[in-house]
Amino acid sequence: MSSEKEFKDALKEKLNAKEFQFDEVNWLKASGMLDATREEKKKRPFPYFLVSGILLFVTIGSFVIYKFSDHTTAVKETAATNTNTQLPETKQASNNEITAYQKQNENIYVTEEKTNTETKPVNEKTELAVLNEKIETTNTEKSISQNSVKNQAEETKNTSTINIRSKKQKTTIIKNAVVFTPNQEKENTVPVKQNNEPEKQTQVNTIVLPTVVESNTVAETKTTVNEAKAEEVVTYVPETNTISVDPVKSVVAVAEPVKRDSTLKLKEPAHFVSFEAGTSYLFGWNNPGKRDANGVNPIVGLNYSNTLNTPFIFSMGIHYTMVRNLSYSNHVVTTTRYNFGEETDVMVFTPTTMHYLLAPIKFGYTFKEKNIIGIGYNAAYLFNVNSNVELYAQTADKKGNATVLKTSGYTQGFKTLDSQASLFYRRKLGKDLWLNTEFIYGLTDVKDNKFFNSNVFERNMGLKLTLIYNLFKK
């Protein structure tokens, strides 16, 4: 009886021990126990890295914008000062001087008209005196009246001729107006002397000989003398401070507006902070009987660009992307128990998605204003891996029910750092919108082949298509 009692006690101890039958609940407990036995590896969640990267990028961008703000403000103030300064004045005729010539010419014209009108009463008086003395016959009276009519017609003709000539001289004086620059006005300003000789000459014109005694030849001589005197009066222009100026150039200088200095241009923005989003298509890699990691993946991030020296441009940024559709490689963890036979607990880790933070650095060349072509380098950091975990129990000849769980943070077997070379082309679509196409070629193997027992070189290679929008520019 004692042996049976000992057997029962031993059986109770076995049942109460940590070794127990595995069902779905107990498998989870076993998984927790296995994880607890491993060295706990500190993993930072994805939001932590995303927020840290954004804060770092914003800090750098703010510092750069603040650094160049003072320089840009100084450039704008210099441009405003140059705009407000006096522009070089085109040599053009002074309105006051042209008005003075006009008034002078008009005064001569009015004086000449008054002189001609005043000669008529004198001539009439002289003619009446001669008529009272020498009227003898009706025939002589008729001849006198005929001569007076001819003289009046000739005087009217002379007056109109003088008026026409004075108007022509008036326009000639305006066209040949003296042109002064601001400095010449100060140095060569001499009051224009009003010549008194024309007034004396007009007084001479008022002396008219009796028309009765004069013959036609004498009248013609008088008219010629009057024309010559009047022409001298009209064409008289003071020679003091005169400058020989081409009339055509003077008229063009007056007609053309003053042109501002067009060489002052605002400085083009040299610093840009942009947002980039799009997709990438990875070609994946060939595994025995299966292609892995091919498909479309999202990309999102921020960039900072600087035009180093036109037409060259430099840019760097921080992006987030992922590599999906992993299914071939896996890692198996087994635990063997001996309890009324041999039993094995199996845990199969199959990675499905890798999460990366990218730091792209690019150098580009701008041509035709809207096109950029260049090369780049991407430094990638693997911060998380999503995996499927399959749990099941296996005996010598039987596999138990399997349970599949999803987990993250298990990065064993993957290289933390990755690198890629790139060749890109950008096309400007709008004022601040660009289309970016890029070919990427992986330079390193993303997996540890010894850990996964593989001999395939797995590299990230494919095409990227994104849109870039400039958020800020300075």
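Just so you know, the sequence shown maps onto residues -18 to 455 in the numbering used here. Cβ coordinates follow ideal geometry from the N, Cα and C atoms, glycine included.
Could you check the C-alpha separation between residue i and residue j for me, to the nearest Å?
| i | j | result |
| --- | --- | --- |
| N306 | F395 | 15 Å |
| K387 | I353 | 43 Å |
| K428 | K48 | 43 Å |
| T260 | G322 | 54 Å |
| N311 | L15 | 18 Å |
| G13 | R318 | 17 Å |
| E324 | Q393 | 26 Å |
| L424 | L(-8) | 60 Å |
| A251 | L410 | 19 Å |
| V370 | R407 | 42 Å |
| G456 | T288 | No statement about residue 456 is possible, as the shown extent of the chain runs from -18 to 455 and does not include it. |
| V437 | N268 | 7 Å |
| T447 | A361 | 18 Å |
| V313 | E350 | 56 Å |
| E419 | M297 | 15 Å |
| Y309 | K271 | 7 Å |
| A402 | N290 | 24 Å |
| I356 | N434 | 35 Å |
| N284 | F253 | 8 Å |
| L363 | G381 | 35 Å |
| Q375 | D273 | 28 Å |
| S473 | I294 | The structure shown has nothing for residue 473, since the chain only spans -18 to 455. |
| A340 | Y346 | 20 Å |
| L452 | L416 | 15 Å |
| N359 | K343 | 9 Å |
| F30 | G265 | 26 Å |
| P292 | K431 | 47 Å |
| L398 | S389 | 18 Å |
| K454 | T40 | 16 Å |
| I326 | F405 | Checking the displayed sequence, the identity of residue 326 turns out to be Asp instead of Ile. The alpha-carbon atoms of D326 and F405 are separated by roughly 50 Å. |
| A11 | E(-15) | 32 Å |
| A377 | D(-10) | 29 Å |
| K379 | T315 | 15 Å |
| E(-6) | N320 | 13 Å |
| V32 | K412 | 29 Å |
To which residues of the same chain is residue i closer than 6 Å at the C-beta, ignoring the five residues directly before and after it?
| i | result |
| --- | --- |
| L372 | W8, M328, T384 |
| V281 | A258, Y301 |
| R440 | G423 |
| L414 | Y450 |
| P332 | L307, V366, S368 |
| M442 | F264, Y422, G423 |
Taking the continuous beta strand (DSSP E) assigned at residue i, which residues delimit it?
| i | result |
| --- | --- |
| F256 | 252 to 263 |
| N278 | 276 to 290 |
| Y301 | 293 to 304 |
| V314 | 312 to 319 |
| Y450 | 442 to 454 |
| N436 | Careful: N436 lies outside any beta strand (DSSP E) and carries neither H nor E. |
| K412 | It is not in any beta strand (DSSP E) - K412 carries neither H nor E in the DSSP assignment. |
| K271 | 271 to 273 |
Can you name, in chain order, every residue of its own chain whose Cβ lies under 8 Å from the Cβ of residue i, other than the five neighbours on each side?
| i | result |
| --- | --- |
| M303 | N278, P279, T334, M335, H336, Y337 |
| L37 | I299 |
| L444 | S261, Y262, T418, E419, F420, I421 |
| S400 | Y358, N359, A360, A361, G423, L424, T425 |
| G34 | I299, L338 |
| F348 | P292, I354 |
I'd like the list of long-range same chain contacts for residue i, defined as Cβ closer than 7 Å, with 5 residues on each side in sequence excluded.
| i | result |
| --- | --- |
| Y391 | F330, V366, S368 |
| F(-12) | none |
| V45 | H252 |
| F256 | L283, Y450, L452 |
| N275 | L263, F264, G265, N306 |
According to DSSP, which residues form a beta bridge with residue i?
| i | result |
| --- | --- |
| Y406 | I354, T418 |
| T325 | T317, Q375 |
| L37 | Its beta-bridge partners do not exist; DSSP assigns none. |
| S400 | A360 |
| W266 | D273 |
| G423 | Q401 |
| F395 | K428 |
| F330 | H312, V370 |
What is the residue span of the alpha helix (DSSP H) that residue i lies within?
| i | result |
| --- | --- |
| F433 | 430 to 433 |
Just checking residue i against the ligand FAD - is the residue's beta carbon closer than 7 Å to any of the ligand's heavy atoms?
| i | result |
| --- | --- |
| F38 | What this structure holds is no ligand at all, so the ligand FAD is not there to describe. |
>> Which runs of the beta strand (DSSP E) at least 3 residues long sit entirely within the stretch 332 to 389? Give them in chain order.
In response: 352 to 375, 384 to 389
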